[in-house]
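Under the UniProt record's numbering, the residue at position 82 of the sequence shown is numbered 82, and the numbers go up by one with no gaps. For reference, the structure discussed in these notes is given below.
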Amino acid sequence: MPRVELTEEERLNIQKKDLLFKRFVEPGRLCLIEYGPYAGKLCFVVDIVTLTRVIVDGAFVTGVPRMIIPLKRLKLLKERIKINKNCKSGFLRKTIKSTKILEEFKKSNLGKKMIFKKKRDMATDYERFQIYHAKRELKKKMNVLKSKKDSMNKKDNKGDKKKKAKKVKKVAAKK
């Protein structure tokens, strides 16, 4: 059989599919800052300085200025935009708005959890009190429904056993 040569791009795609890690430190990668004065904010990797440090930028959208930050403080996220290495903040902002990457992140599980946590942190004492009582009432109703369902299942099982016993007796009587 003739040997088919793969293009460089096809070789890279095949190699990436077999890799253990999926999120690489690369320009355009969306990150969550986990520690420091900007903890809990999103940023984008703009350039790689050393093995342990990168330049990140929020492009006036997320509230993070352009700065060098250690990788240990970042959590790499799945979302990524295509930007050139060391691009300017204005270009990054246009790219963020055109790709709507932040809206895509808000739909992800981590984004939903972050929004929920912010809402919970902003709740007043009275709102927490209302939530507490609503959960309590819901649990009571669920327990009542569960107990009714269990009792119905027990009754059905008893009736089934009696019917089976009668059938066995009839079969035995016929023989």
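Glycine residues also receive a C-beta, built at the ideal position from the N, C-alpha and C atoms. Bear in mind that the values here come from a model prediction, so they are computed numbers and not experimental data.
Residue i to residue j span [Cα, whole Å]
{"i": "Ile83", "j": "Leu110", "result": "24 Å"}
{"i": "Thr7", "j": "Lys22", "result": "22 Å"}
{"i": "Lys78", "j": "Thr99", "result": "15 Å"}
{"i": "Ile81", "j": "Ser147", "result": "52 Å"}
{"i": "Gln130", "j": "Phe116", "result": "17 Å"}
{"i": "Lys140", "j": "Ser151", "result": "17 Å"}
Identity of the residues DSSP links to residue i by a beta bridge
{"i": "Pro70", "result": "Arg53"}
{"i": "Leu20", "result": "DSSP output for Leu20 lists no bridge partner at all."}
{"i": "Arg29", "result": "Arg80"}
{"i": "Val45", "result": "Val56"}
Simplified DSSP state of residue i, which is helix, strand or coil
{"i": "Phe60", "result": "coil"}
{"i": "Val144", "result": "helix"}
{"i": "Leu6", "result": "coil"}
{"i": "Ala134", "result": "helix"}
Of the residues the options, the one placed nearest residue i, counting alpha carbons only
{"i": "Thr52", "options": "Val25, Asn86, Glu104 and Lys85", "result": "Val25"}
{"i": "Phe91", "options": "Val61, Leu42 and Thr124", "result": "Val61"}
{"i": "Pro37", "options": "Leu74, Gln130, Cys87 and Ile115", "result": "Leu74"}
Exercise for review: With a floor of 4 residues, list each alpha helix (DSSP H) that falls wholly inside the region 61-131, ordered by position along the chain.
Suggested key: 89-99, 101-107 and 109-122
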